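Undergrad:
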Amino acid sequence: MSIIAVADMFSTSDARDELATALGNAEREAAKQPGCVRYSFAAMLTDPNHFVLVSEWENDAALDAHYASPEFASFQFSLHDLLARESEMTVYSVSRSARPLASGPMDPRDAD
């Protein structure tokens, strides 16, 4: 069963760049951990101080190992004085998923 974790993090306005750097480092470190399928941060378009994490893990054990890792502890420590408020996370257990396939080739006029 896959595990999906979605988190919202909010930087102080003067620490946005420093937080973005810490989040980028966390992405690289988490991606190396066994059982990590994806670990991606993004900034909201309407509020650049609001970041969203989407992470996917092969199972509960992989997520638990991530939270127990020295890399995660270091990441948590790096957040000191960078957040405007506590982060909010929801963890989902997923028993099935599907990736839609394109019904045909893209019209080149629709390309960027």
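According to the working numbering, the stretch in the sequence shown is residues 52 to 163, in order. Every residue gets a Cβ at the ideal spot worked out from N, C-alpha and C, and that includes glycine. Note that the coordinates shown come from a computational prediction; the quantities given were computed from them, not determined experimentally.
#1: If you drop the 5 nearest sequence neighbours on each side, which residues of the same chain put their C-beta closer than 6 Å to that of threonine 63?
#2: Let me check understanding here. Comparing Cα to Cα, which of Gln84, Asp161, Met52, Ala56 lies closest to glutamate 122?
#3: Report yes if the C-beta distance between glutamate 45 and leucine 133 is below 7 Å; otherwise report no.
#4: So glycine 86 packs on alanine 116, CB below 8 Å; how close in whole Å?
#5: Could you give the residue range of the beta strand (DSSP E) that holds threonine 109?
#6: Express the C-alpha separation of aspartate 161 and tryptophan 108 in angstroms, rounding to a whole number.
#7: For glutamine 127, tell me which candidate among Asn100, Ile54, Met60 has the shortest Cα-Cα distance.
TA: According to the data block:
#1: Ala135
#2: Gln84
#3: The shown model of the chain, from 52 to 163, leaves out residue 45, and the question about it has no answer.
#4: 7 Å
#5: It should be noted that the sequence gives glutamate, not threonine, for residue 109. No beta strand (DSSP E) holds glutamate 109; DSSP gives it neither H nor E.
#6: 34 Å
#7: Met60
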